[in-house]
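Numbering follows numbering that gives the first Met the number 0, in which position 42 of the sequence shown is assigned residue number 41; successive positions increment by one, without gaps. Every residue, glycine too, gets a C-beta built ideally from N, C-alpha and C. Data first, discussion second: the structure below is written as structure tokens.
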Amino acid sequence: MTHMKLHLTGDRNQCPTCRLYFNSTSAFDKHRVGTWDDRRCLTVPEMEALGMAINKAGFWVGRPRSGNAIPSRT
């Protein structure tokens, strides 16, 4: 998967493991699962199943605002 370079400001961040971009720390935390010694990133289908989406700026969000999400790729 190719990742574009987004500008990080405020609470936005990029996961050092999967390299995806998140609009907030809470969205980032939502995509990490497992016990401390066995944590992993959720897959894109797993994040979408939880209601997460990519906003128009290209960042994953925990809950998309109406009209501000890119349609699901699945």
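Check whether residue i and residue j have beta carbons under 9 Å apart
i	j	result
H81	M51	The structure shown does not extend to residue 81, since the chain is modelled only from 0 to 73, so the question has no answer here.
L41	Y20	no
D37	N22	no
Neighbour-count burial assignment, residue i, 16 or more Cβ in a 10 Å radius
i	result
V32	exposed
A56	exposed
W59	buried
A26	buried
Simplified DSSP state of residue i, which is helix, strand or coil
i	result
F78	Because residue 78 is not part of the residues shown, which for the chain are 0 to 73, the question remains open.
N12	strand
Residue range of the alpha helix (DSSP H) that includes residue i
i	result
K29	T24 to K29
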